[in-house]
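S.K.:
This is the structure in structure tokens:
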């Protein structure tokens with residue numbers, strides 16, 4: 005039930021006035037904590053649209069599959085988001101921005117996410133890749149291939165940031181991935 | 055209070071959360087999302103603001119921008135829930151909607167709004183009360199409670215909201 009905008013806003017105004025559905029404390033706390041996720045001077049890499057037709061086919065200049073994290077299984081190419089029942093295959097999203105192409109492959113496991121990916125072109129020496137969630141980050145120093153991986157991340161919001169010496173940080177748009 | 059977004063410090067950010075968080079939550083819930091999905095829609099809007107701070111040209115309209123972005127994310131989540139795989143990528147950053155009902159509500163505004171609901175004839179009065187106070191209620195549940203065909207719920211709801219908006223317009 006997704007009402008058009010004016011209907012949604014009128015219903016929202018009624019809901020606010022009724023006062024029967026306060027904002028849960030966790031929602032407000034997460035909103036306040038989002039301030040710490042800013043990357044001043046950074047560039048946002050936006051997701052590339054998926055190609056239509058062949059299942060899993062993608063637009064963009066993907067050449068090599070990203071590294072697969074330990075425990076990763078199944079085929080590539082399913083989109084991110086909530087999996088269907090029994091589905092445990094990785095979902096692939098490609099981003100572009102700031103002169104970089106960032107492929108991110110996410111596997112939803114029971115209780116956690118595994119993430120693998122690749123950044124192109126190769127990052128200069130001294131670069132680091134930060135796999136970010138609102139509450140923890142994993143830092144990787146990619147080899148020449150630009151591949152990275154992290155396992156055991158919590159379900160929910162995820163972004164990958166590429167920190168390059170002397171250049172703007174490039175971070176993917178935040179994605180929400182839940183079982 | 056205007057905001058200088060480039061210079062936004064943590065205190066100003068918390069002020070944004072306090073001022074607009076309730077409205078964003080209400081917008082997400084008004085789109086029919088349960089509490090877990092509404093929480094994701096609201097957090098999506100805050101994260102889009104984190105990503106978009108340097109590109110927002112009109113700080114005075116950041117509240118409308120947050121409400122609009124919440125609605126877009128809520129609609130996308132609703133579509134994804136119904137199996138639309140094209141809805142799984144993050145939404146593009148929308149231009150703010152201009153809707154007077156999205157403006158900050160005062161206590162007096164809220165009183166007038168509900169007085170207008172009470173002035174509506176049936177079935178509008180009961181239908182809107184149900185839709186507002188039981189946001190998870192689907193059309194089937196509402197149809198049973200209202201003893202009306204399920205296919206009539208959506209059009210009736212839209213007609214009732216139009217009548218409410220007209221009443222509010224007359225009241226101004």
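Protein chains in written order, with the numbering used here: chain A, 5 to 183; chain B, 55 to 226.
Note that the Cβ used here is the ideal one computed from N, Cα and C, for glycine as well.
The model shown is predicted, which means the values in this text are computed figures rather than measured ones.
Under the assumption that residue 132 of chain B contacts residue 73 of chain B (Cβ atoms under 8 Å), give the Cβ distance between them as a whole number of angstroms.
M.R.: 26 Å between Cβ atoms; not a contact.
S.K.: For residue 154 of chain A versus residue 114 of chain A, is the C-beta spacing smaller than 9 Å?
M.R.: No.
S.K.: Helix, strand or coil for residue 214 of chain B per DSSP?
M.R.: It is helical.
S.K.: Could you check whether the Cβ of residue 114 of chain A sits closer than 9 Å to any Cβ belonging to chain E?
M.R.: No chain E is part of this structure, whose protein chains are labelled A and B.
S.K.: Starting from residue 168 of chain B, find everything on chain A with Cβ-Cβ shorter than 9 Å and list it in chain order.
M.R.: Here the neighbours are 18, 21 and 22.
S.K.: Could you tell me whether the Cβ atoms of residue 136 of chain A and residue 105 of chain A are closer together than 9 Å?
M.R.: Not closer than 9 Å, so no.
S.K.: Under a three-way DSSP split, which group does residue 121 of chain A fall into?
M.R.: If DSSP states are grouped into helix, strand and coil, residue 121 of chain A belongs with the strands.
S.K.: With a CB to CB cut of under 7 Å and the five nearest residues on each side skipped, what residues in its chain are close to residue 94 of chain B?
M.R.: Excluding sequence neighbours, residue 94 of chain B sits near 131.
S.K.: Taking the alpha-carbon of residue 174 of chain A as reference, which of A:127, A:30 and A:147 has the nearest alpha-carbon?
M.R.: When each option's Cα is compared against that of residue 174 of chain A, the closest is A:127.
S.K.: Can you tell me which of the three DSSP states residue 128 of chain A falls into?
M.R.: If DSSP states are grouped into helix, strand and coil, residue 128 of chain A belongs with coil.
S.K.: Between residue 75 of chain B and chain A, is there a C-beta pair that is closer than 9 Å?
M.R.: Closer than 9 Å to some Cβ of chain A, the Cβ of residue 75 of chain B qualifies, so yes.
S.K.: Is residue 190 of chain B buried or exposed, if buried means 16 or more other CB atoms sit within 10 Å of its CB?
M.R.: Exposed, by the Cβ-count rule.
S.K.: Would you say residue 10 of chain A reaches chain B, if we count a Cβ-Cβ gap shorter than 9 Å as a contact?
M.R.: Yes, because at least one Cβ of chain B sits closer than 9 Å to the Cβ of residue 10 of chain A.
S.K.: If I measure Cβ to Cβ from residue 148 of chain A and keep anything under 7 Å in the same chain, skipping five residues before and after, which residues do I get?
M.R.: Once the five neighbours on either side are set aside, the close Cβ partners of residue 148 of chain A are 126.
S.K.: Helix or strand or just coil, what does DSSP make of residue 166 of chain A?
M.R.: Strand at residue 166 of chain A.
S.K.: Locate the alpha helix (DSSP H) running through residue 85 of chain B, then write down its first and last residues.
M.R.: Run containing residue 85 of chain B: none; DSSP gives neither H nor E here.
S.K.: For residue 156 of chain A, does the three-state DSSP call read helix, strand or coil?
M.R.: It is a strand residue.
S.K.: Given that a residue counts as buried once 16 or more other Cβ atoms are within 10 Å of its Cβ, and exposed if not, what is residue 90 of chain B?
M.R.: Residue 90 of chain B should be labelled exposed.
S.K.: So which of B:97, B:104, B:98 and B:180 has the shortest CA-CA distance to residue 46 of chain A?
M.R.: The shortest C-alpha separation from residue 46 of chain A is found at B:104.
S.K.: Am I right that residue 140 of chain A and residue 101 of chain B are in contact with their C-beta atoms under 8 Å? What's the rounded C-beta distance?
M.R.: With 8 Å as the limit, residue 140 of chain A and residue 101 of chain B do not qualify as a contact, their Cβ atoms being about 16 Å apart.
S.K.: State yes or no: is the C-beta of residue 80 of chain B within less than 9 Å of the C-beta of residue 19 of chain A?
M.R.: For residue 80 of chain B and residue 19 of chain A, yes; Cβs fall inside 9 Å.
S.K.: Quick check: the region 177 to 189 of chain B against the region 199 to 217 of chain B, are at least 3 beta-carbon pairs closer than 8 Å?
M.R.: The region 199 to 217 of chain B vs the region 177 to 189 of chain B: in contact.
S.K.: Rank A:11, A:112, A:30 and A:101 by C-alpha distance to the C-alpha of residue 156 of chain A and give the top, closest one.
M.R.: Nearest of A:11, A:112, A:30 and A:101 to residue 156 of chain A, Cα basis: A:112.
S.K.: Residue 102 of chain A by DSSP, collapsed to three states: which one?
M.R.: DSSP places residue 102 of chain A in coil when its eight states are reduced to three.
S.K.: Taking 8 Å as the limit between beta carbons, can you name the residues of its chain near residue 78 of chain A, skipping five residues before and five after?
M.R.: Reliability of the predicted coordinates at residue 78 of chain A is poor, the pLDDT of 28 falling under 50, and the value obtained from them is presented with this limitation in mind. Excluding positions up to five away in sequence, the list reads 92, 93, 94 and 111.
S.K.: Could you list which residues in chain A have their beta carbon closer than 9 Å to that of residue 116 of chain B, in chain order?
M.R.: Residues of chain A passing the Cβ test: none, with the nearest at roughly 13 Å.
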